[in-house]
Every structure is written in structure tokens, then in C-alpha cells.
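There are 2 protein chains.
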Amino acid sequence: MSEFLDQCRHILGWSHVLTEAHDTHPYLNDWRKRTQGTAIAVLRPGNSQEVAQITQLCHQHRIPIVPQGGNTGLVQGGIPDQTGTAVLLSLRRLNRVRQIDVANLTMTVEAGCTLQQLQTLADQANCFFPLSLASEGSCTIGGNLSTNAGGTAVLRYGNARDLCLGLEVVTPQGELWDGLRSLRKDNTGYDLKNLYIGAEGSLGIITAAVVKLFPKPNSRVTALVALNSASAALALLNRMQNLSGTNLCAFELISEYSLELVQQLLPELTPIFQENFPYYTLLEVASHENFDTLQTQFQEHLETCLQDELLSDVAIAMNEKQSADFWKIRESISEAQAKQGRNVKHDISLPSSIIPQFIERAQTALHQQFPSSRLVCFGHLGDGNLHFNVYPPTDSKAEEFEMIETRINRCVHDLVHRFNGSISAEHGIGVLKREELQRYASELELRLMRQIKAALDPLNLMNPGKLL
Amino acid sequence: MSEFLDQCRHILGWSHVLTEAHDTHPYLNDWRKRTQGTAIAVLRPGNSQEVAQITQLCHQHRIPIVPQGGNTGLVQGGIPDQTGTAVLLSLRRLNRVRQIDVANLTMTVEAGCTLQQLQTLADQANCFFPLSLASEGSCTIGGNLSTNAGGTAVLRYGNARDLCLGLEVVTPQGELWDGLRSLRKDNTGYDLKNLYIGAEGSLGIITAAVVKLFPKPNSRVTALVALNSASAALALLNRMQNLSGTNLCAFELISEYSLELVQQLLPELTPIFQENFPYYTLLEVASHENFDTLQTQFQEHLETCLQDELLSDVAIAMNEKQSADFWKIRESISEAQAKQGRNVKHDISLPSSIIPQFIERAQTALHQQFPSSRLVCFGHLGDGNLHFNVYPPTDSKAEEFEMIETRINRCVHDLVHRFNGSISAEHGIGVLKREELQRYASELELRLMRQIKAALDPLNLMNPGKLL
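Line by line, the protein sequences are chains V and D.
With this note's numbering applied, the first sequence corresponds to residues 34 to 501, in that order.
With this note's numbering applied, the second sequence corresponds to residues 34 to 501, in that order.
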């Protein structure tokens, strides 16, 4: 092992091979602080060639590699287990922007660039990079792609996968695949790019990517809407899709209890409406037109919806500040939840058309088992993605949490499965959902995935124990 | 063999196992009528279960399968070779629409549905299915997905891949994989769907798919624009992307000689402009607004471009009839070309930003080798996709065509490769471009593809000799 570490130091320099606990701790500690991994070392290569060299070395020594971006994942996919047999490979030093091609609306970036860095650079080039999520200040584009991140702009712009045109990947054998194409059409063989995207580092290490840029919208208008039911939210979504077309760029659901929690946390931002409603949605439109034109049009559309009783009340943001306040309400739900105490989280997706029925069925099933459980239901209704989180019964004890968690998971995920939904819409599988995947995916699907894994990583050295 | 055919007849019934030449001919003859394959039989299953049973049978007997949709492919990917060792499996009888879910904006369809059938059904449901290409009356969605078809709506809506949410696939072993998800977010393992899409039937047989629908735009406006150079076309594209945002849905390049050929074919539709220009583009915007609003806005945008000398002249369609006439000009280029005689075709893509430089360099290189060769350059500039076709020198003999074709291919594709472009933007590889792929793809990329192929189809029974 000391020979291996010497070779690592020879490739990376002494300062980028971390073995002391106080140096390695931040890399090995899970984002949610629930678990701590152990590693031979934390390795910090500075470029793709160093990633390739280190990977070759690990391949020779049969040492597993856990690749890591910003360490903001929610399913423990980016930290090693406790055996101490693997190295953690941090991509954060690969943070150069290699090219911005405004005329082609593309940008070639290294895996360790933070999402915010890319948003800012795009903006400076008078373009727009739409991927947006809570951890954007610290998460990296390599991690975003490895987990096919979602976020708040999927309705109009798609997931991370849809925003990527090309990749550079280091294979488990330490070869460098140059798939850095900036092409919007390319039908020359199997789609390797999409195989690496969402593979959670288990097939290779993404070291760079070509991402799409978009023309920057001139204006955006945000509204908060009060609704009597989840069915009304679905009907409103459908109507607004018809009225606003591709201008509609966000449609976020917030249940009454979700807003109540935010009210406790941020009393200065609420109440928006004079009474309480079972559901609210945050809608946003954006376009190349000016603010006044867009706002007038949006207002007209929402008024026809009000007349047709598709919504109960509406507040339209009059300026950027109000828009930001509305978004702050939506984005504070997670924090407000945490303050309220531990809960059982689900990141599920369903066909949007089924969501009202699903919520009702799931709520009934949960209340049958746990009459005093409470639901915090919110999320990206426009994408069919709900964060469907459940507080255990008020009288349950802390030590019962895991048992209750399992029963609540079973209740919710069984129903998701029955409705042809997904048990992981945007967070991925990692370690936390591996057993759930084994339970719900078909035998054939699992076998196909294992065959691909075995073909590309026969020694099982890439992020072992994750995903599959 | 007769035992095998008897088993096929047992599964499919006598009328769907074709062995007589006059029955099998239309299935075995290439779309461009350049080659004729040979098969043990043409098999016409009626549903996914029959596809699975036939595939199991072929697997037992080690008989290769060539899947076929509408037989409209341009690279000979859908017909067998001349050895007569394979069966041709036609998916055309799988033509049911299983579900339309308007509230979720999705449609579940079988592989043999024609593209036009889907467009019409979407329209009847007051939705829009954007995939559109010349052969839409006869090509099938299974073929569109297996080749990741492009067409004229990619700029706004993406390729066939971007329009598909889920698949049903029969594996080479005859198992039925149910990946028919209608979800816009699903991060539960490797992206099997995108591996089958674009694999040209070499990894399995697509039997059904869930495709995305879109709100139907209320209006569209088309314009033809005259330009002094390819650089001007690029500058106009960039400006219009900024001005019109996602409203811009088509940006097609037409070179002077391309229009000249159409003028000979359809004199009643032309001339549009009083003089000739080196390039023209067909632009289209579509939106949820009414025609008048959209047209006024479009006109304003084009006027600012005229003032800034980004374009030389412009004709805006005043109604649907004129729009259709403009599109007819664009869509008649292929036919007009064929009338003019045999030419060397390329379906290439490049970063849009490089296209003006590429055209100039390629034209110079071609004229050095073949001074009297003539170029027909047109295509989807908005996607960086050119159909870059070359007429051999006027004095060359018919028997020299293949030799000249190879030299012209080498000249064009070498340059495409140097500029990091693709030698097959939307047509795929099939048989026709297999050697070109072997020449230009990296050793590593080819090995990764072969490893995937070997993992999923170890007996090499699925469309052998195609793609790889």
C-alpha cells in the first residue's frame, strides 16, 4: 500500500494525496451528515491526464475508486463504505472552462466546475445555462451529469442529460475517451454518452463535458396560485401549457402543510393569501419579450383560469424582488421541514395525469397505518416529480424511526410501483436506494444493467456497491 | 430449415411467413433501389409477444434477425445481406396506439405505427407530435427510434431520442423488456432506453414506445431570406435565436445552386427574389399567440436584421398556402437533385459556428481535385446539419462514379473529422457508412461499442453486419 501511495504522490504531488483524518474528513462525510466513509486516501488530480494515470494505477493494484464532485449527493453515492479498501477521487481541481462557443451555443467545461460557476459564465456571455438546483453553489457539473440532476428548470429545458452534447470519460482501465462533441445531431453508433450520464460513476469517470447554452430570456414573471385540490393543480398545468406554450418554465406544487412550515420559518414572507388553501403552485413564464408584454399576457391567461374556476386566488409578482420572494418560499421548504424534525423522504415521479389520484391513495394508505403521520408534499408537478415526505406519528419514539421509515417507504413505493412511477426521480440510487431498486426493478432490467457493468468494468473497480 | 419455418408458421400463421420472391421482394429491396437482400423468410408478427416468440426461436436455431420498419432507411440498415442466412422481421403489423394521455402529454404506440399516423392522432387530440421528415407517410416510429431520426423540427424539439420517454424491447434472447415509462424524470439505473435508440436494431428489437406530445402551437409564420454568404446565414441564425427565443423552430439553409435545381423542377414556385444570391434560408417561428401578433413580431425582427445588413432580402409568407410553398421549395431539393443526375451524398454535422469556414474549405479542396464538380449544399443549419452533396465532374464517365465517390467522400469526411464533426448526422451507419465509421471513430470508442454489443448479443444475431 505504501508503494501505491508513493506512486500516487509521484503522479499528483504530495499535497494532493490526503491521508490524514483532518484532511480527508470533509470528503468522506456524507452531505446529510448521516454516515462517514473510510478510504486509503483522498486523491485530488488536477487534470484529465492525471485522472487517467491514477485510474491506470488503481487498475494495476486492483484498488476501487469512488469518484466525487461537490459531495452534495443525497443518496450516499459519492462517499466510500467503511471497509477502507477504496480511494476517493475528488474531481474538484478539474475546474477549467475549456471553451465557450457563443455562436454554437455550447460550452466545454471540466467536471469540477461548480454549477454556479457555469451559470455565471453563461450569463456573462449573454447566454443562459438553465440547470438550477438548491446546491448549485457547491455541486459540480461532473456530479450533476453522473446523477442526471433535475431541479427547477426541467419543465422547459430538461434534465442534466438533455443539456449535455458530449463527454470526456476515463474508463475503468484508465483510458481517456474523447467524446467531447459539440454537435446537435450525431448518429454514429451506440449512445455511450447517455450510458455514462446517470451511471453514478460506476462505469467510468466523467472528466469534462460539452453543455448546451440557450439564448437568455429577456423577462420572467412569477405567480403564486391558491387551489382547492391537487386535481385543480393538474387542470391548471394543462391549461397553462396550452396558453403559454414553451414560455411556461416552472410549475411547482406546495401543499398547505408545506406552506405552514415555511410560515413558521419565514413569517415576514407570508401570508400571501387571506385564507388557507389545500394546495398552492408557483408558476413562472419566461420569454424573449419585454417584462410588460409578458406580464400582461400572463395576467390575461391567469384571469381566464380564474374565470373558469381552475384556480381560487392568485398573486402575480410585480418585480424581480417579489419573484425572488415567491421562490424563497418554495426553496425554504426543505429547511423548514428539517426544523420540524426528522421525516421519511421520497423523491418520486409519476405520469402527471395520475398525481392527484396517487396523492389521495397514498395519503389514505398512510393514515390507515399511521393515523397521526403528517405529509409534506411539494415538488416539480410540471415534471411529475413529487417530494413526498412523511413525518412519523407524533407519539412515535426516536428509536422506532428506522422501523417506521421502512414501513412508510414500503407503503409509498409500492403504490408508486403500481402506478408505473419511479422511486428515484432526480436523486439517483447510490447506497440509500439500492435495495429499493433491487426490489422494484424487473429481473431482466437488473440483468441487462449488470451485463453492461461487467462488460465495461469487469473488475468492479468503479464506485462498487453503488447503484447495482 | 423447414422445421424452423414450420415453427414460424405455427407462431404467426401461414400468411405471415413469406418465402415467395414476389411476396418478399418489397421487403428485401433497398429504399434507394441500389441493392437487394436475400432472406430465409420475411416474418410478420402481429404483436410484441409474437416478436418475442420468433426471437426465441431464432435464438434456439442461431438464425440472425434483420428488423425492419417502413424500409425507408438511407444506409441499408434494414435489409439483409445476400447470404440468405437471416430472416427479415417486419414490424409493420404492430401498429396499434395503446394509449393517449393528454393530461400527461404522452402517447404509447407500437413500433409499426407510421410517423404520419402519430402526427394525425396527436393533432386530433389537440396536441402536437413534432417529429417530421420526408418519408413520414411510410416510415415507422420503431425505425425512427432505431435510427434516432432527425428531420426539420430538431432545432426546437430535438431528435427522435429527445421525443421518447420509454421503450418496450425484445432482447436477442427473446425476452420482453417493459421499459414503457411515461415519466419525465427517472434516475433508477443505466439509461437502457437511449442504448436501444439509435442502435439500428443491433441490440434488440423495439416493439413499442412512449413518446412526448406538446401543446399545439396556435400559429406559425414562415419566411424566405436571401443572403450574401454562409457567414451571414450563421449571423442571422444567432440573431434570430436571441430575438425569437424558443419561437424559432426552423432554420434551413439553401445554396444558390440548390435553388437553381428546384427552379428547373418547379418553375411556378420561383423566383421569389428579383436577383440571385449565394444563399437562402427558410425560417419559421411558431407560438401560442395568434397569427397576426406572431407575424408582426417576426416582421419587426427581420426588419432589424435587414437594417443591420444581416440579410439582403426577405419574403414573409402571408398565409398557410405561402408557407407551404416555401416548404415545398426546401423539400423538393432532393427530387430536383435526382433529376439532375447521380451525385455523392453526405449527411454531416458540425458545430454551427464552424459551418461557414467548413463550406469554404471543403469547396476549395473539392475544386482542387475536381475543378468542374458542383456542390448542392443545403440542410438544417440550425442543428449544424448539412446535406453536402457533390456532382462529379461533368466530363466524368458513369463507370468512374464509384472511384470518384470514394475520393470525394475522403475529401469531405476528412475535413469533417478535422473539424470535430460527424460523418452521419441523422441517417445512421447501416452498411453504407460502416467502413467510414471504422476509419474515423477512435479505437477506444469502437472497442466500447463492441463490448456492449458482445454483452447484450453474444451470439451476434441482431442485425449482424450493420453499424459495427
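Note that beta-carbon positions come from the ideal geometry of N, C-alpha and C, so glycine has one too.
Keep in mind that this is a model prediction, so the values were computed, not measured.
TODO: Could you please give me the residues that DSSP links to P404 (chain D) through a beta bridge?
DONE: Per DSSP, none; premise fails for P404 (chain D).
Open item on the list: Under 7 angstroms, Cβ to Cβ, is there at least one residue of chain V near W587 (chain D)?
Closed with: No answer is possible for residue 587 (chain D): the residues shown for chain D start at 34 and end at 501.
Task: chain V contact for I485 (chain D) (CB, 7 angstroms cutoff) - done: yes
Open item on the list: Do S356 (chain V) and A255 (chain V) count as a contact pair if the criterion is CB distance below 7 angstroms?
Closed with: As written in the sequence, residue 255 (chain V) is Thr, which differs from the Ala given in the question. Contact flag set, yes.
Open item on the list: Output needed for R126 (chain V): all residues of its chain with C-beta closer than 7 angstroms, excluding positions within five of it in sequence on either side, in chain order.
Closed with: R77, P78, G79 and G145
Open item on the list: By the DSSP assignment, the beta strand (DSSP E) with N422 (chain V) in it spans what residues?
Closed with: N418 to Y424
Open item on the list: Comparing C-alpha positions only, which one of V:E476, V:G111 and V:L213 sits nearest to K499 (chain V)?
Closed with: V:G111
Open item on the list: Is E393 (chain D) close to chain V? Criterion is C-beta to C-beta, closer than 7 angstroms.
Closed with: no
- [ ] Using three-state DSSP, classify Q115 (chain D) as helix, strand or coil.
- [x] coil
Task: Limits of the beta strand (DSSP E) - the one that R253 (chain V) falls within - done: S252 to L260
Task: Under the three-state DSSP convention, the category V108 (chain V) falls into - done: coil
Task: Min CB distance W64 (chain D) to chain V below 7 angstroms - done: no
- [ ] Indicate whether at least one CB of chain D lies closer than 7 angstroms to the CB of L477 (chain V).
- [x] yes
- [ ] Kindly list the residues whose CB is nearer than 8 angstroms to the CB of L267 (chain D), restricted to its own chain and excluding five residues on each side of it in sequence; keep chain order.
- [x] S385, S386, I388, P389 and L414
Open item on the list: So the candidates are V:R189, V:G191 and V:A242; which of them puts its Cα closest to the Cα of S215 (chain V)?
Closed with: V:A242
TODO: Specify, as a first and last residue, the run of the alpha helix (DSSP H) that G175 (chain D) falls within.
DONE: I174 to S179
Task: DSSP-derived helix/strand/coil call for P59 (chain D) - done: helix
- [ ] Provide the residue span of the beta strand (DSSP E) that contains K218 (chain D), from first to last.
- [x] Unbroken run through K218 (chain D): none, as it is neither H nor E.
- [ ] Tell me whether G46 (chain V) is buried or exposed, calling it buried when 16 or more other Cβ atoms sit within 10 Å of its Cβ.
- [x] exposed
Open item on the list: Measuring CB atoms only, is the stretch 247–262 of chain V touching the stretch 341–349 of chain V, in the sense that at least three cross pairs come out at less than 8 angstroms?
Closed with: yes
Task: Cβ pair K245 (chain V), G183 (chain D) closer than 7 angstroms - done: no
- [ ] Could you work out which residue in V:N352, V:L225, V:P300 and V:L399 is closest to G212 (chain V) when comparing CA atoms only?
- [x] V:L225
- [ ] Using the DSSP secondary-structure output, state which residues sit across from S81 (chain D) in a beta bridge.
- [x] Its beta-bridge partners do not exist; DSSP assigns none.
TODO: Within its chain, find whatever has a CB closer than 7 angstroms to the CB of S429 (chain D); leave out the 5 residues flanking it on each side and keep chain order.
DONE: I437
Task: For V377 (chain V) and I441 (chain V), the rounded distance between their alpha carbons - done: 7 angstroms
Open item on the list: Does any residue of chain D have a CB that is nearer than 7 angstroms to the CB of M482 (chain V)?
Closed with: yes
- [ ] Assign R131 (chain D) to one of three DSSP states: helix, strand, or coil.
- [x] strand
Task: Residues, ordered as in the chain, of the stretch 259–280 of chain D that lie near chain V by beta-carbon distance below 9 angstroms - done: L267, A268, L270, N271, Q274, N275, L276, S277, G278, T279 and N280
- [ ] Return the Cβ separation of R189 (chain D) and C41 (chain D) in integer angstroms, given the expectation that the two are a contact with Cβ distance under 8 angstroms.
- [x] Going by Cβ atoms, the distance from R189 (chain D) to C41 (chain D) rounds to 44 angstroms, so no, they are not a contact pair.
Task: Supposed close pair Y223 (chain V), V202 (chain V) - CB separation, criterion 8 angstroms - done: Actually they do not touch by this definition, with Cβ atoms about 14 angstroms apart.
Open item on the list: Quick check on A136 (chain V) - is its C-beta less than 7 angstroms from some C-beta in chain D?
Closed with: yes
Open item on the list: Please tell me whether D416 (chain D) has its Cβ less than 7 angstroms away from any Cβ of chain V.
Closed with: yes
TODO: Taking H94 (chain D) as the query, report the chain V residues whose CB atoms sit under 7 angstroms from its CB, ordered along the chain.
DONE: Per Cβ cutoff of 7 angstroms: no residues; H94 (chain D) is ~22 angstroms from chain V at best.
Open item on the list: Can you tell me which residues form a DSSP beta bridge with A268 (chain V)?
Closed with: In DSSP, A268 (chain V) forms no bridge with anything.
Task: Span separating the alpha-carbon of S264 (chain D) from that of N159 (chain V) - done: 21 angstroms
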